[in-house]
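Working notes, structure below.
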């Protein structure tokens, strides 16, 4: 444990998820600006209050530097940490540390993208082609689903996980998405429908994959002093953990994620255990991502994820561990092909009691959000946050 | 990139640099050479002039057997772009006899028959520029 803790020193004062899922008539900077305004308004703050700004690979141009100018921010702190879709949870950790150190009062984190109508994928693709690993991975037709399929196939081989068990993850997400008027997919699906949808890359079917949506989101973190001046319910950050897992010089292990290390760090800092958590937002690029992450965070034994997610365990209300009550990336939204931002947003809604009444977890005191950026098949940035209704 | 190679898969030329020249030159001759760390003996993948153990930059290149087993595999059936016409094809990690798990394709067989634990042997699929891609076929 670090000798100086961020526990309770930084609070999430504002969150915003763009309601759009197809945004052909906006530029990328405009979407960043819209979500920034939304989260600041939620907190009761303005752009003029922001002294720290965080963006990742989805920010255009020079990243946070370009966006700071576009947004008209006056900054004394900036952070462009890029770990793919988990970056926004890493940003929360970094912002909480900077706030705890007294260097930052109001931190703004934004995400925006147009993979659905904008043609290009998320930022950073030019960098990928110059990566030292590029010619040893890009020559073999590894799609994103193909990479996750390699992880799923190995998990099935080692632990007996089945396609029907993976499908349970999607089914649970769909039962939540039906209550979300903004969800990209609002129909409840069955296990049979998932496993009979077209195979993209064995063993993953189309309905094992997340949606592709335009949009974005933003978070505002503040110090205790700023929080005390706001009318809004501010959610304290209690624990944070980041871990990088890669191929280790050619010894990749496809059945574990970086959550095996980021999770314990976050739980220890928060002083809680998995059994204490009331609600989880789990990164759900694919159904297999959720199943492996739940195991690695300690919500069930390694290899038992398939059994754990069966019988509605992830459904709210009533399930043993309600997850992704907005419908998650599998049904609701995966803006910019990056699901981390919306994971934090829904966790904050739950802690504030502002999730849809049909899926609100009763007496939600402790929530966990987890991001998995990069790929299960190569290298990933895993980030875990534990947040509380109060300190 | 649009041309398919002898196994019906795209054969995009790799980017060769000072660290990977040895590897790619060998593939053009149908040989698999790998770097082994002089300190710890770790056989490093992807090829580079250092070990993944921090601080070790001394490696010796040696000729590997080309034998391995399938660590994981998937038949990709739907994929956009230049690979679309190659589908269905097998994407796999093969664990080499010398240790590394390498991302590759299994070729020269019915994709539906490829399975984890299967013994495979390296084949070299020439690209238009000379270097060949390391792929595998059932042993």
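Chains as they are written, first to last, in our numbering: chain A, 6 to 396; chain B, 2 to 140. Built from N, CA and C at the ideal position, the CB exists for glycine as well.
Asked: Can you give the Cα-Cα distance for residue 175/A and residue 162/A, rounded to whole angstroms?; Found: 21 Å
Asked: Any beta carbon of chain B sitting closer than 9 Å to that of residue 290/A?; Found: no
Asked: Can you pull out the residues from the stretch 128 to 154 of chain A whose beta carbon lies closer than 7 Å to at least one beta carbon of chain B?; Found: 137, 138, 139, 140, 141, 142, 144, 145, 146, 147, 148, 151 and 154
Asked: What are the boundary residues of the beta strand (DSSP E) that includes residue 17/A?; Found: 15 to 22
Asked: Could you pull out every residue in the same chain whose Cβ sits closer than 7 Å to the Cβ of residue 38/B, ignoring the five residues on either side in sequence?; Found: 45, 52, 54, 57 and 60
Asked: So residue 128/B packs on residue 48/B, CB below 8 Å; how close in whole Å?; Found: Actually they are not in contact, since the Cβ atoms of residue 128/B and residue 48/B sit about 16 Å apart, beyond 8 Å.
Asked: Give the interface partners of residue 207/A over in chain B, defined as CB-CB distance under 7 Å, in chain order.; Found: 75 and 76
Asked: Please state if the CB of residue 73/B and the CB of residue 93/B are separated by a distance shorter than 9 Å.; Found: yes
Asked: Would you say residue 165/A faces chain B, with C-beta separation under 9 Å as the test?; Found: no
Asked: Using 8 Å as the cut-off, can you tell me whether the stretch 176 to 196 of chain A makes contact with the stretch 131 to 142 of chain A, which would need three or more C-beta pairs spanning the two stretches below that distance?; Found: no
Asked: Is it the case that the stretch 27 to 42 of chain A contacts the stretch 106 to 122 of chain A, given that we only count it when at least three CB pairs across the two stretches are under 8 Å?; Found: yes
Asked: Please look up how many angstroms separate the CB atoms of residue 226/A and residue 18/A, rounded, as I've assumed it's under 8 Å.; Found: 7 Å
Asked: Quick check on DSSP: helix, strand or coil for residue 175/A?; Found: helix
Asked: Would you mind working out which of 49/A, 85/A and 150/A sits nearest residue 236/A, comparing C-alpha positions?; Found: 49/A
Asked: What three-state label does DSSP hand residue 46/B in the structure shown?; Found: coil
Asked: Would you say residue 75/B and residue 209/A are within 9 Å of each other, going by their C-beta atoms?; Found: yes
Asked: For the stretch 244 to 263 of chain A, which residues have a beta carbon sitting closer than 7 Å to at least one beta carbon of chain B?; Found: 253, 254, 255, 256, 257 and 259
Asked: Taking just the CA atoms, how far does residue 396/A sit from residue 13/A?; Found: 6 Å
Asked: Would you identify the three-state DSSP class for residue 131/B, choosing helix, strand or coil?; Found: coil
Asked: Identify the contact partners of residue 100/B in chain A, using a Cβ-Cβ distance below 8 Å as the criterion.; Found: 255 and 256
Asked: Got a sec: is the Cβ-Cβ distance from residue 200/A to anything in chain B below 9 Å?; Found: no
Asked: Listing by chain order, which chain A residues have their CB less than 7 Å from the CB of residue 134/B?; Found: 144
Asked: Along chain B, in chain order, which residues have C-beta atoms closer than 7 Å to that of residue 162/A?; Found: 117
Asked: Do residue 87/B and residue 10/B count as a contact pair if the criterion is CB distance below 9 Å?; Found: yes
Asked: What would DSSP say about residue 250/A, mapped onto helix, strand or coil?; Found: strand
Asked: Where residue 81/A and residue 28/A are concerned, what is the direct C-alpha to C-alpha distance, given to the nearest angstrom?; Found: 32 Å
Asked: According to DSSP, what are the bridge partners of residue 84/A?; Found: 59/A
Asked: My understanding is that residue 92/A touches residue 337/A, with C-beta atoms under 8 Å, so please give their C-beta distance in whole angstroms.; Found: Wrong, their Cβ atoms sit about 19 Å apart, outside the cutoff.
Asked: Which residue spans inside the stretch 84 to 125 of chain A form an unbroken beta strand (DSSP E) run of at least 3?; Found: 111 to 118
Asked: Indicate the three-state DSSP secondary structure (helix, strand or coil) for residue 1/B in the structure shown.; Found: There is no way to answer for residue 1/B, as the model of chain B reaches only from 2 to 140.
Asked: Within 9 Å (strictly less), CB to CB, does residue 204/A reach chain B?; Found: yes
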